[in-house]
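Remarks on the structure that follows.
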């Protein structure tokens with residue numbers, strides 16, 4: 187990139203929701219849209235994402251969490267399109 191110029195501009199939006207299913211179980215879901223516009227070339231990327239997760243609370247401070255995510259990137263630049271699916275496992279701590 188040229189000094190003083192941005193290489194790209196990213197526009198991003200995300201919609202999330204969370205619901206307590208039981209006293210010790212919380213579900214969440216999210217939808218996302220990202221648009222990356224490259225400066226100096228006629229290029230852009232669009233990323234659509236969706237995820238869903240659960241947290242099983244062991245006590246009021248710690249829980250086991252899992253999340254499933256799917257992401258699809260489409261671009262007008264050659265060779266950049268992809269689809270990724272992920273599973274995350276972890277521990278959530280709050281105070």
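Residue numbers (our numbering): 187 to 281. Beta carbons are placed, not taken as given, at the ideal position from N, Cα and C, and that holds for glycine. All values derive from a computational prediction rather than experimental measurement.
query, result
"Integer Cβ distance of residue 263 from residue 229, believed to fall under 8 Å", "5 Å"
"Outcome for residue 276 when other beta-carbon atoms lying within 10 angstroms are tallied against a minimum of 16", "exposed"
"Start-to-end residues for the beta strand (DSSP E) that takes in residue 206", "194–208"
"Residue 252 versus residue 195: straight-line alpha-carbon distance, rounded", "31 Å"
"Secondary structure of residue 281, DSSP reduced to three states", "coil"
"The beta strand (DSSP E) enclosing residue 234, as first and last residue numbers", "229–243"
"Closest residue to residue 283 among 243, 245, 267, 235 (Cα-Cα distance)", "There is simply no residue 283 to check, as the chain begins at 187 and stops at 281 in what is shown."
"As assigned by DSSP and simplified to three states, the class of residue 247", "coil"
"Residue-chain proximity (residue 257, chain D), Cβ-Cβ < 9 Å", "No chain D appears in this structure, which consists of one protein chain only."
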